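Remarks on the structure that follows.
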Amino acid sequence: MLDIVLPDQIRPVDGRFGSGPSKVRQEAVESLARVAPGLLGTSHRQAPVKAQVGRLREGLRVFFGLPEGYEVALGNGGATLFWDAAAFGLIRERSAHAVFGEFSSKFAAVTRAAPFLADPLVTESPFGTHPDLHADPTADLYALTHNETSTGVVMPVTRPDGISAEQGLVAVDATSAAGALTFDPADCDAYYFAPQKAFASDGGLWIALLSPASMRRLDEIAASGRHIPTMLDIRLALENSRKDQTYNTPAVATLYLMAEQVDWMNAHGGLAWAAKDCAAKAGHLYDWAASRDWASPFVADPAQRSNVVCTIDLDESVRADEVVKVLRANGVVDIDAYRKLGRNQLRIAVFPAVEAGDVERLTAALDYVVDALRSAAG
Ligand SMILES: *Cc1c(COP(=O)(O)O)cnc(C)c1O
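Pasting the structure below:
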């Protein structure tokens, strides 16, 4: 293994470019350390922790500009738990899924396996693109993925033509999009995500922005007598959220770090600011890739390229796994492609916490490493 050492001026100050878990701002960690004696290790049923849940819910309401009647619900278990919770609580009979990567296919697999639901309708497209979901009279929930983290493809959040929320809820897995990509909350009924991506915190929680129609659906299905396990009961989570609590014990540090990130982004200009900042960083990466003869953006259609998770294919003359290994030895971590995609690819996340200067240093570092590997290979 070559001993390639990055010169200081091109070594990212912070080398965390992972797609989740992702960079947690050190300022937030230090803030947590300061408040810790009055917060960590104290009851989540008392004022100090409840104040953090309230701060987070209010911060998200402002950040997303939620319309009247929408509510912020949260619970333990991450985005993966929300797929099961949605299968129990939001789907009457049949869901329709846009499947174009690992995460979107996992939700479809959940609904296919649920014995109380009909087989889902699945519209697939090749990796590196997204399919469009069309209205279907047999579907009562449409499952979109705002940003497919495995491939770096972004899809617009829209309602299928002519479909009202009562006929078909729009549920959006926004785990890696939320906080960095714009959308209109009025175009969806459940926009759900976890804190370890754009919200620069740890994993383990799910958060969902729920529309009035989705809350009516929760009530309707609960009234139908379907058994819903308590940990998967979105109504129960919502009741607790309204009291600034979670149904069972949350990770208090995760809540605090997320609330810090939301306030930090709101102070900079909210979602519009974050989206613009991420677009500029992603633009730098894609332009850089397009200008190298050994690199190219994986997603062919520029309109479908993610502004948060940038996938960059490397020419066969350069081995991505070697580049990744050298960079890891230099403190630059988690830029490998999604393992099951099986491509000679780098996947670089530029969430709001990632500094633009570090993205510039990263492309300079990539040039340096590839040069060094090539000259060593002769
Ligand atoms: C990371 C991710 C998930 C899984 O999130 P967990 O919190 O680990 O359950 C689901 N969907 C998408 C799009 C993701 O990026």
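When we follow our numbering, the leftmost residue of the sequence shown carries the number 15, and every step to the right adds one.
Here a beta-carbon is modelled for each residue, glycine too, at the ideal position from N, C-alpha and C.
Every value quoted in this text rests on a predicted model; they were computed, and no experiment measured them.
A contact is defined here as three or more CB-CB pairs under 8 Å, and the region 370 to 384 meets this definition with respect to the region 291 to 311. Linking Val-338 to Gly-68 through their CA atoms gives a straight-line distance of about 41 Å. DSSP places Asp-335 within a helical segment (H, G or I) once states are collapsed to three. Taking a contact as a CB-CB distance under 8 Å, the pair Arg-30 and Asn-344 does not count as one, their CB atoms being some 13 Å apart.
Per DSSP, reduced to three states, the secondary structure at Arg-375 is helical. Looking at Leu-299, Val-63, Arg-39, Arg-59, the one whose alpha-carbon comes closest to that of Ala-50 is Val-63. Excluding sequence positions up to five before and after His-111, its CB lies within less than 6 Å of the CB of Ala-122, Pro-134, Val-136, Ala-157, all in the same chain and listed in chain order.
When the Cα atoms are used, Val-276 and Val-43 turn out to be separated by approximately 14 Å.
Using a cutoff of 7 Å, the CB of Asp-348 does not count as near ligand 1, since none of the ligand's heavy atoms is closer than that. Considered as a whole, the region 241 to 281 harbours 248 to 256 as its complete alpha helix (DSSP H) runs of no fewer than 4 residues, in chain order.
Ligand 1 approaches Ser-190 closely enough that one of its heavy atoms is under 7 Å from the residue's Cβ.
Gln-60 sits in coil when the DSSP states are folded into three classes, being neither helix nor strand. Apart from the 5 residues on each side of it in sequence, His-298 sits with its Cβ closer than 8 Å to the Cβ of Ala-370, Val-373, Glu-374, Thr-377 in its chain, given in chain order. Relative to ligand 1, the nearest heavy atom lies less than 7 Å away from the CB of Thr-94.
When the Cα atoms are used, Ile-362 and Val-346 turn out to be separated by approximately 11 Å.
DSSP places His-160 outside any alpha helix (DSSP H), giving it a letter other than H or E.
Inter-segment contact for the region 278 to 295 and the region 245 to 262 is absent: fewer than three beta-carbon pairs are separated by less than 8 Å. Residue environment analysis places Arg-71 among the buried positions, since at least 16 neighbouring C-beta atoms fall within 10 angstroms of its C-beta. Straight across, the Cα-Cα distance linking Ala-65 with Arg-333 is about 49 Å. When distances are taken from the beta-carbon of Gly-89 to the heavy atoms of ligand 1, even the shortest one reaches 7 Å or more. With a threshold of 7 Å, the Cβ atom of Ala-212 does not count as near ligand 1, since no heavy atom of the ligand is closer than that.
Rounded to the nearest angstrom, the gap between the Cα atoms of Asn-262 and Leu-88 is 11 Å. Between the C-alpha atoms of Ala-149 and Val-113 there is a straight-line separation of about 15 Å. When beta bridges are read from the DSSP output, Ser-109 appears opposite Leu-155. For Gln-40, the enclosing alpha helix (DSSP H) covers residues 40 to 49. Short of 6 Å from the beta carbon of Phe-213, and not among the five residues preceding or following it, lie these beta carbons of its own chain, in chain order: Gly-193, Met-272, Gln-275. Residue range 309 to 311 is occupied by the beta strand (DSSP E) that includes Pro-311. For the pair Ile-105 and Leu-155, the CB atoms are nearer than the 8 Å cut-off. Ser-109 is positioned such that its CB atom lies closer than 8 Å to that of Thr-125.
Not one heavy atom of ligand 1 sits closer than 7 Å to the Cβ of Phe-365. Collapsing the DSSP output to three states places Arg-357 in coil. According to the DSSP assignment, Thr-196 belongs to no alpha helix (DSSP H), since it is labelled neither H nor E. The closest heavy atom of ligand 1 lies less than 7 Å from the beta carbon of Asp-187. From the listed residues Tyr-205, Leu-131, Ala-236, Ala-153, the smallest Cα separation to Thr-159 is found for Tyr-205. Here Gly-55 is exposed: its Cβ has fewer than 16 other Cβ atoms, across all protein chains shown, within 10 Å.
Non-local C-beta neighbours of Glu-336 in its own chain, meaning closer than 7 Å and more than five positions away in sequence, comprise Leu-387, ordered along the chain.
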